[in-house]
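Undergrad: Converting from the sequence shown to the working numbering requires adding 25 to each position, the first position being numbered 1.
Virtual Cβ for every residue (Gly too), placed ideally from N, Cα, C.
Just dropping this structure here.
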Amino acid sequence: MDLSSLDLPFEGPLAQRGIGVIAPFDLALERELWRWIPVEVSLHLARTPYEPVPVSMEMADLVSNVQHVAAATRDVLHVEPEVVAYLCTSGSFVKGVDAERELRKVICDAGAPDAVTTSGALAEALHHLGIGRVSVLTPYDSDLTAKLHEFLAELDVETVSSDHLGLGGGIWRVSYRTIAEHIIAADHPDAEAVFVSCTNLPTFDLIDPLENMLGKPVLTANQLTMWACLDRMGLPIVGPGSWHHGMPDRATTE
Numbered sequence: 026m027d028l029s030s031l032d033l034p035f036e037g038p039l040a041q042r043g044i045g046v047i048a049p050f051d052l053a054l055e056r057e058l059w060r061w062i063p064v065e066v067s068l069h070l071a072r073t074p075y076e077p078v079p080v081s082m083e084m085a086d087l088v089s090n091v092q093h094v095a096a097a098t099r100d101v102l103h104v105e106p107e108v109v110a111y112l113c114t115s116g117s118f119v120k121g122v123d124a125e126r127e128l129r130k131v132i133c134d135a136g137a138p139d140a141v142t143t144s145g146a147l148a149e150a151l152h153h154l155g156i157g158r159v160s161v162l163t164p165y166d167s168d169l170t171a172k173l174h175e176f177l178a179e180l181d182v183e184t185v186s187s188d189h190l191g192l193g194g195g196i197w198r199v200s201y202r203t204i205a206e207h208i209i210a211a212d213h214p215d216a217e218a219v220f221v222s223c224t225n226l227p228t229f230d231l232i233d234p235l236e237n238m239l240g241k242p243v244l245t246a247n248q249l250t251m252w253a254c255l256d257r258m259g260l261p262i263v264g265p266g267s268w269h270h271g272m273p274d275r276a277t278t279e
């Protein structure tokens, strides 16, 4: 077959750059993850084993089991990701700051070239932005939400106000209207930013309208995780949110 007349747009395919993603077994928002990344980046997902428990501190403990995290890391390494992300807010904050660092170490010890967790990405963004007071919205129960407050306190970040939805499952089904109402209710005049927890809570299309309304950054779990991954790859995040524009390059801050 003669291909000389075939009008190819470029010599391709476009070189692929990968992010490995370790997701909890109940993640339902893969589509939202893809909206945050540039076209040359692919996401390679592995899931933690199914656990027959509701969203709770018990589930957060189970999905952050280090043996499972290490195994999931190894499952994605054959496609050569540049960074591996543990995509779970509660699983990365439930045991505190030291345990979040240990999760990243587990991922790197399993062979990943670099590692990110959702709560670690939150810590990085708050540090870079110089934010010390936040409002918080979570879909969790009060006990698990309190663990997020403790994690933030370890970072010397004050939770000035907080709201939670008290859900034990089906978090991805919550409507944008409900989420927006609770974010607005959770906000406080003294908060320098609002953090919306959980990678299974849809937020993508709410960020810009709510930032315009509230006049402050709205940080969300999937946004933060993808930002931290792309930052390590030297790439800008795609998608809404004013705070990540003009953030310092890692090479200039390490």
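1) Scan the stretch 114-163 and note each continuous beta strand (DSSP E) run of 3 residues or more that stays entirely inside, going in chain order.
2) Ignore the nearest five residues each way along the sequence and tell me which others in E279's own chain have a CB closer than 7 angstroms to its CB.
3) Quick check: the Cα distance between L87 and H103, rounded to an integer number of angstroms?
4) Can you pull the DSSP bridge partners for V182?
5) Mind checking which residues open and close the beta strand (DSSP E) that includes H207?
6) Leaving out the 5 sequence neighbours to the left and right, which residues in its chain are closer than 7 angstroms to T343 when beta-carbon positions are compared?
7) For a test of the three-state rule: what should DSSP assign to C189, helix, strand or coil?
8) Which of the three DSSP states, helix, strand or coil, is assigned to T278?
9) Counting beta carbon pairs with one atom in the stretch 58-78 and one in the stretch 202-213, are three or more of them shorter than 8 angstroms?
10) With DSSP as the reference, please indicate the residues paired to T245 in a beta bridge.
11) Going by C-alpha to C-alpha distance, which of E179, A85, S187 and L70 sits closest to D100?
12) Measure the C-alpha to C-alpha separation of S187 and S160 and round it to an integer number of angstroms.
13) Who pairs with L68 in a beta bridge, going by DSSP?
14) Excluding the five sequence neighbours on either side, which residues of its own chain have a C-beta within less than 6 angstroms of the C-beta of T277, listed in chain order?
15) What residue range is occupied by the uninterrupted alpha helix (DSSP H) comprising V101?
16) Which residues mark the beginning and the end of the beta strand (DSSP E) in which A85 is found?
17) Using CA coordinates, which residue listed in G45, E217 and V80 is at the minimum distance from L169?
18) For A216, write down the residues that DSSP places opposite it in a beta bridge.
TA: Well, looking at it:
1) Complete beta strand (DSSP E) runs here, min 3: 140-142 and 158-163.
2) In this prediction, E279 has a pLDDT of 47, which is less than 50 and means its spatial position is unreliable; what the coordinates show is noted afterwards. Same-chain partners within the cutoff: there are none.
3) Here the C-alpha atom of L87 lies approximately 25 angstroms from the C-alpha atom of H103.
4) Answer is none; V182 lacks a bridge partner.
5) Segment Y201 to A211 is the alpha helix (DSSP H) holding H207; no beta strand (DSSP E) there.
6) This structure gives no information on residue 343, because the portion of the chain shown stretches from 26 to 279.
7) Note that residue 189 is His in the sequence shown here, rather than Cys. When DSSP states are grouped into helix, strand and coil, H189 belongs to the strand group.
8) With a pLDDT of only 48 at T278, under the threshold of 50, the placement of this residue in the model should not be trusted; the figure read from the coordinates follows. Collapsing the DSSP output to three states places T278 in a helix.
9) Output reads no: the stretch 58-78 does not touch the stretch 202-213.
10) Residue pairing for T245: DSSP places it in a beta bridge opposite V221.
11) Minimum Cα distance to D100 is reached at L70.
12) The alpha-carbon atoms of S187 and S160 are separated by roughly 6 angstroms.
13) Paired residues: I44.
14) With a pLDDT of only 43 at T277, under the threshold of 50, the placement of this residue in the model should not be trusted, and no figure is reported.
15) Here the alpha helix (DSSP H) through V101 covers V91 to V101.
16) Premise fails: A85 lies in the alpha helix (DSSP H), M82 to V88, not in any beta strand (DSSP E).
17) Taking only the C-alpha atoms, the option nearest L169 is V80.
18) Paired residue(s): none; A216 is not in a bridge.
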